[in-house]
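Colleague: As they're listed, the protein sequences go chains A and B. Those letters in the first sequence? Residues 98 to 717, by this note's numbering. Those letters in the second sequence? Residues 98 to 717, by this note's numbering.
Protein chains: 2
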Amino acid sequence: MNTGELVELGQQLRVDSVRAAAAAGSGHPTSSMSAADLTAVLFARHFRYDFDRPDHPGNDRFVLSKGHASPLMYATYKAAGAIDDEELLTFRKDGSRLEGHPTPRRLPWVETATGSLGQGLPVGVGIALAGKRLESADYRVWVLCGDSELAEGSVWEAAEHAAYEHLDNLTAIVDVNRLGQRGPTRHGHDLDAHARRFQAFGWHTVEVDGHDVDAVDRAYGEALSTKGQPTAILARTLKGKGVEAVQDREGLHGKPLPEAEDAIAELGGPRDLRIRVHAPSGSGASAAGAPPAGSTAPLELPRWDKGEEVATRNAFGEALAALGTARGDVVALDGEVGDSTRAEFFAKEHPERYFECYIAEQQMVAAAVGMAARGWVPYASTFAAFLTRAHDFVRMASISGSRLNLVGSHAGVAIGQDGPSQMGLEDLAMMRAVHGSTVLYPCDANQTARLVAGMAGLDGIRYLRTSRGESPVIYGPDEEFPVGGSKVLRSSDRDRLTLVAAGVTVPEALAAADALAQEGIAARVIDLYSVKPVDRETLRTAAEETGCLVTVEDHRPEGGLGDAVLDAFADGRPVPRLVRLAVRNMPGSASPDEQLRAAGIDAESIAAAGRLLVEEAIVP
Amino acid sequence: MNTGELVELGQQLRVDSVRAAAAAGSGHPTSSMSAADLTAVLFARHFRYDFDRPDHPGNDRFVLSKGHASPLMYATYKAAGAIDDEELLTFRKDGSRLEGHPTPRRLPWVETATGSLGQGLPVGVGIALAGKRLESADYRVWVLCGDSELAEGSVWEAAEHAAYEHLDNLTAIVDVNRLGQRGPTRHGHDLDAHARRFQAFGWHTVEVDGHDVDAVDRAYGEALSTKGQPTAILARTLKGKGVEAVQDREGLHGKPLPEAEDAIAELGGPRDLRIRVHAPSGSGASAAGAPPAGSTAPLELPRWDKGEEVATRNAFGEALAALGTARGDVVALDGEVGDSTRAEFFAKEHPERYFECYIAEQQMVAAAVGMAARGWVPYASTFAAFLTRAHDFVRMASISGSRLNLVGSHAGVAIGQDGPSQMGLEDLAMMRAVHGSTVLYPCDANQTARLVAGMAGLDGIRYLRTSRGESPVIYGPDEEFPVGGSKVLRSSDRDRLTLVAAGVTVPEALAAADALAQEGIAARVIDLYSVKPVDRETLRTAAEETGCLVTVEDHRPEGGLGDAVLDAFADGRPVPRLVRLAVRNMPGSASPDEQLRAAGIDAESIAAAGRLLVEEAIVP
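(1) Is any beta-carbon of chain B found at less than 9 angstroms from that of tyrosine 174 of chain A?
(2) Mind checking which residues open and close the beta strand (DSSP E) that includes histidine 291 of chain B?
(3) Do you know how far the Cα of alanine 259 of chain B is from the Cα of alanine 117 of chain B?
(4) If distances are taken between C-alpha atoms only, which option among B/Arg621, B/Ser627, B/Glu576 comes closest to glycine 600 of chain B?
(5) In terms of residues, what are the limits of the alpha helix (DSSP H) holding arginine 637 of chain A?
(6) Is there contact here, the region 331–342 of chain A with the region 273–281 of chain A, by at least three beta-carbon pairs under 8 angstroms?
(7) Decide if glutamate 691 of chain B is buried, meaning its Cβ has at least 16 other Cβ atoms within 10 Å, or exposed.
(8) Can you list, in chain order, the residues of the region 689–709 of chain B whose Cβ is nearer than 9 angstroms to any Cβ on chain A?
(9) Strictly below 8 angstroms CB to CB, what residues from chain B border valine 407 of chain A?
(10) Determine the burial state of serine 686 of chain B: buried for a count of at least 16 other Cβ atoms within 10 Å of its Cβ, exposed for fewer.
(11) Pull up the DSSP beta-bridge partners for proline 92 of chain A, would you.
(12) Taking all protein chains shown into account, do 16 or more other C-beta atoms lie within 10 angstroms of the C-beta of arginine 111 of chain A, making it buried, or fewer, making it exposed?
(13) Taking 8 angstroms as the cut-off, does the region 473–491 of chain B touch the region 501–519 of chain A (at least 3 CB pairs, one atom from each stretch)?
(14) Would alanine 526 of chain A count as contacting chain B if we go by Cβ distances under 9 angstroms?
(15) In whole angstroms, what separates the C-alpha of alanine 382 of chain B from that of lysine 229 of chain B?
(16) Just to check my reading of the structure: glycine 223 of chain B and valine 240 of chain B have Cβ atoms closer than 8 angstroms, yes? What is that Cβ distance to the nearest angstrom?
(17) With DSSP run on the structure shown, which of helix, strand or coil describes histidine 301 of chain A?
(18) Rounded to the nearest angstrom, what separates asparagine 735 of chain B and glutamate 415 of chain B at their Cα positions?
(19) Against isoleucine 330 of chain A, what residues of chain B qualify as contacts under a CB-to-CB distance less than 7 angstroms, listed in chain order?
(20) Should glutamate 634 of chain A be labelled buried (16 or more other beta-carbon atoms within 10 Å of its own) or exposed?
(21) Under a CB-based cut-off of 9 angstroms, is tyrosine 538 of chain B close to chain A?
(22) Straight-line CA distance for serine 114 of chain B to alanine 357 of chain B?
(23) With a cut-off of 8 angstroms on the beta carbons, I'd call glycine 432 of chain B and phenylalanine 483 of chain B a contact; round off their distance for me.
(24) Mark proline 389 of chain A as exposed unless 16 or more other C-beta atoms lie within 10 angstroms of its C-beta, in which case mark it buried.
(25) Is it buried or exposed for histidine 615 of chain A, if we count other Cβ within 10 angstroms and need 16 for buried?
(26) In chain order, what residues of the same chain lie with their CB nearer than 7 angstroms to the CB of glutamate 304 of chain A, ignoring the 5 residues before and after it?
(27) Identify the continuous beta strand (DSSP E) that holds phenylalanine 159 of chain B and give its terminal residues.
(28) Looking only at DSSP bridge pairs, what is glutamate 567 of chain A linked to?
(29) Along the chain, where does the alpha helix (DSSP H) containing glycine 551 of chain A start, and where does it finish?
(30) Among the residues of its own chain, which have a CB less than 8 angstroms from the CB of cysteine 242 of chain A, if the five just before and after it don't count?
(31) Name the two residues that bound the continuous alpha helix (DSSP H) containing glycine 435 of chain A.
(32) Does alanine 382 of chain A have its Cβ less than 9 angstroms from a Cβ in chain B?
(33) Would you verify that the beta carbon of methionine 493 of chain B is, or is not, closer than 9 angstroms to some beta carbon of chain A?
(34) Does chain A have any CB closer than 9 angstroms to the CB of arginine 294 of chain B?
(35) Quick one: which chain B residues come within Cβ less than 8 angstroms of isoleucine 456 of chain A?
(36) Helix, strand or coil: which one does DSSP assign to serine 128 of chain A?
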């Protein structure tokens, strides 16, 4: 396309954005109109993509970080022939693939779900990192950002990560339209202000008039020819560009244009220009750069003997290293605590597939999401407490349908002296509430190793919770632990109650059962290592046979193991009497044993609760 | 103190850090030793503080952002005479005020809990903002940061916020010791790399040898004389400074020194220098700058008539504006969506107490924590979905014992077309699991207004969830809604089941009860507006009288209303049969009504579940 055609194409994308939002009765046309020339030039001149083969390993990747500008994305897809006009007008309607904010669950050309600002660039960094470090592929990642979202710290975590890794295959295109949702941004049209920040973080920058298609074209060319560092293109644009009634005006974010027909006329009416998007380089037939499919060597998990004392975090590290040997598609990321999470065991054996993300948990999860989008199998680890930092990224990853392994170490008060800031006490609640998630909490080393390997094959977000201190190995190395299962560790036909535990509370529950047995009270003990999905059948059987339950967890009372157990009884069937032991105090510094006692989740507290429960007393 | 004495003081702080960690058998002496000269000079020469009056309004504020360097903080307190040597050696022991990471719950001189990196500077910005914009006070805020934590995006949200607000009363002192937990940081001893970033964000910077006490003294002086912008002091230091066996070496993070006695000897042995900390300026008797105590005018909440259609987010905005008129200590912060959350209603009436935080939710919450630490009553609002971005800040705020009001709008699938990225579906789980939190979810405008006013007086973190769409006013304007209460909206002695709802599901539950009544099934309806604490008595009575419950919530099944209801039955008493209706699908774009139906939380779905439940059938 020549200059004139590119200008026309930009207008077409505006018209179609206005039409889509008008048909929907909602949406963000003005945010689309500012960036229309930017995508027009990108898709017509530089983007290399096979819409018929979104999994082509040589495809460039486009990420719409300002996800609310979805009308522009869909208008561009239409111009590229990927969707037709009829589908364009289904925008935001029930059942349409064209959601208010794009998601890869529905549209195959979308790399990652956006709509929570400041996430597209971080995920784009992950994709570019996969291309450069894992695949040695020559595809490029283009991320269209808004200027408002540059206020998110996650953008600067991403900027730091990208420059440090010399990602010259990554271009951030910033649509500086000066207006956020509520009004002007901090920096308005001061492109220099944005450029200074990117430069300080090690990026090449280009400032450009975002409505001058030739200048935009040159800016993309400059990005393509820049070596050794990522490029940020700061494009001065006008929100609502091309329609006088809305152009550069406040108060018009996220609304269809007031007079859509007049606006379309002012934009020159509908057009039907077609973009011939460049094909990706390489046939893609060999897919040499893509992650190796499945196993590349037999899996030889570490094995421990019963009675050994091993921290589950150690078992995680060893198992992950072994999994990395067996599978070439497994990668690990850590938030500068690999010596604590034991991800360093993987790093030592597979340095080329290990990514040090420093203390930037949002970026760590985002990079993992980007790698998962490319088919890699990422394990991202930090302290369980610090995964809360990345909660919104985990939430968005689930919307993407991302296949992501997260590992949180240093769970609960059992860490001891470091105190509450380092204790993961809300992580089960956070991870259980993630749609389609799997939540695993092993109590011994062999169980941990099996679950580390098993989680790789699941759908959705999988979370494994590990513990800091050593605990006894209670299972043999050949025992299997299916996700959704549990282990009944004590059982008799005289059981008068059931103790349900996981992780560090399993040994406590066993000790409590021993104490109760001495008093003639037989207690069943269930190791509920699969917190979600939960083993409904075993819990229901226990309830029927023993009548009452004590759940005990090193976690806040809300959203964790206790709630998971009750999930088995939420279909109208009779519910057993129960007591939930959990961390209700605010811990300080103390030894692990002191902490368990103070929280009332040690063996003695469990036995005391069990005693009251079988007497049908109220447990205070 | 002269130069020689300052050098000696630095050594004393190192010795005491080593001694404290040795006595504890854990802790972070090497991270303390790098910064010892920095705090020695600060406290001896520049810091103004009355340790006997930590609430003195003229006190400077010191925030230890690198909270793991707590031994240094405690050693400094000892040198200042605030604690004695005996207490110093209780470090990290059960019951000690000297926790592994400092918290204001236990120590009155601590401004905010730290230990999750990248949070001290953001909170410090909030304190400095209160000093400058709210109190017109001349106290200064000094934040000691680590270099590792500069990788956290939250630091750059804070940097942006501080420069934009021209906080020349804020100094960030960065202890650039080049070593993180696991190894070298990205930038090592490259002070320029850090300085460039701060400069780009609008800060004045000073680079200094952090072990040259005179140079450090001059750097603080330069910070004091810098007007119109905050100052970052980049101090080149050595981790473990002064002890050859550990100085500038890897692998020694978070460990007591291997040979403590030798190290103490190498450092010149124990000393007992005393710092005479400068008194704060002003007597503080008038406390002119402090927030006005309590009410300053009668509270006149907005009132709506029954049957009006009002969005609870609108009621929040109007009520907050009214509360701001009645109380001069109420402030509001919003994440650049004030037109959506309706915080803009407050902004229009009280612009001097409104803080636009742009799209930086971590910084918004941190600034609120800082203001709360100074006695202000902050309300921080954004979409409920985006509060997940600040989860770790909320978690740490609860450890601080912060009195914080958070408001999340656009809850649930009921928002309609915008799709899942904008839907708060995990917020109840997140907020319920916060220790000591209050979680409120009103269904109508009058209820919302009352709760907005009532939450101001509570302890801990309080969360209010509001809805986007209009809903009918069902309560009169004089009805009261105590926290921990509920409202029984339908009741008879023939009730065969109880429907428990909150927010948008209340009208659905009422409609379901009407439908069931037509079939001869009397259903009780409870509006459980106080999700935490929950009204145990009313729920227990309903369970006893009606036998079974249906809970229905516009939230994921985990951690929300359904789990809250079961909290009333976790003490060993008989548990009612129940069914939990919640959002189990992944929504796309659709109208609000279509969304409620697809999620199975509309009136029809509730009635269907109720029907099966009274028949003692299993509800699929």
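C-beta: ideal position from N, C-alpha, C; glycine also.
Modeller: Once the coordinates are examined:
(1) So no, tyrosine 174 of chain A is outside the interface.
(2) Annotation: histidine 291 of chain B is outside any beta strand (DSSP E); the continuous alpha helix (DSSP H) that includes it extends over 288–297.
(3) Straight-line Cα distance between these residues: approximately 35 angstroms.
(4) Here the closest residue by C-alpha is B/Ser627.
(5) That run of the alpha helix (DSSP H) goes 633–643.
(6) Three or more pairs of CB atoms, one per stretch, sit closer than 8 angstroms, so the region 331–342 of chain A contacts the region 273–281 of chain A.
(7) So glutamate 691 of chain B ends up on the buried side.
(8) Of all residues in the region 689–709 of chain B, the ones placed with a Cβ closer than 9 angstroms to any Cβ belonging to chain A are Glu691, Gln692, Ala695, Ala706, Leu709, in chain order.
(9) Chain B residues near valine 407 of chain A: none, gap ~21 angstroms exceeds 8 angstroms.
(10) Buried, because 16 or more other Cβ atoms sit within 10 Å of the Cβ of serine 686 of chain B.
(11) No answer is possible for residue 92 of chain A: the residues shown for chain A start at 98 and end at 717.
(12) Looking at its Cβ environment, which holds 16 or more other Cβ atoms inside 10 Å, arginine 111 of chain A is buried.
(13) As far as the Cβ criterion goes, the region 501–519 of chain A does not touch the region 473–491 of chain B, which means the pair count is below three.
(14) So, interface residue.
(15) Annotation note: pLDDT 43 at alanine 382 of chain B (below 50); position unreliable, coordinate value reported separately. Approximately 19 angstroms, taken between the alpha carbons.
(16) Their Cβ separation, rounded to whole angstroms, is 11 angstroms, which puts glycine 223 of chain B and valine 240 of chain B out of contact at 8 angstroms.
(17) In this structure, histidine 301 of chain A counts as strand in the three-state DSSP scheme.
(18) The shown model of chain B, from 98 to 717, leaves out residue 735 of chain B, and the question about it has no answer.
(19) Per Cβ cutoff of 7 angstroms: no residues; isoleucine 330 of chain A is ~17 angstroms from chain B at best.
(20) The residue in question, glutamate 634 of chain A, is exposed, as its Cβ has fewer than 16 Cβ neighbours within 10 Å.
(21) No, its Cβ sits nowhere closer than 9 angstroms to a Cβ of chain A.
(22) One C-alpha to the other measures close to 10 angstroms.
(23) The pair is a contact, with the Cβ atoms about 7 angstroms apart (cut-off 8 angstroms).
(24) Within a 10 Å sphere around the beta-carbon of proline 389 of chain A sit fewer than 16 other beta-carbons, which makes this residue exposed.
(25) A quick correction: the sequence has glutamine, not histidine, at residue 615 of chain A. Exposed.
(26) If the five residues before and after glutamate 304 of chain A are omitted, its C-beta is found closer than 7 angstroms to the C-beta atoms of Leu288, Ala292, Leu331, all from its own chain and listed in chain order.
(27) Its beta strand (DSSP E) spans residues 158–161.
(28) Note: glutamate 567 of chain A is bridge-paired with A/Ala408 in the DSSP secondary-structure output.
(29) Where glycine 551 of chain A is concerned, the enclosing alpha helix (DSSP H) starts and stops at 542–552.
(30) Same-chain partners within the cutoff: Ser162, Lys163, Gly217, Leu218, Val252, Ala269, Ile270, Val271, Asp272.
(31) Note, glycine 435 of chain A: alpha helix (DSSP H), 435–438.
(32) Unreliable placement is indicated for alanine 382 of chain A, whose pLDDT of 43 sits below 50; the coordinate value is still reported in the next sentence. Taking a beta-carbon distance threshold of 9 angstroms, alanine 382 of chain A does not count as an interface residue toward chain B.
(33) Cβ-Cβ to chain A under 9 angstroms: yes for methionine 493 of chain B.
(34) Cβ-Cβ to chain A under 9 angstroms: yes for arginine 294 of chain B.
(35) Residues of chain B whose Cβ lies closer than 8 angstroms to the Cβ of isoleucine 456 of chain A are, in chain order, Leu214, Gly215, Ser245, Glu246, Ala248, Glu249, Gly277.
(36) Helix.
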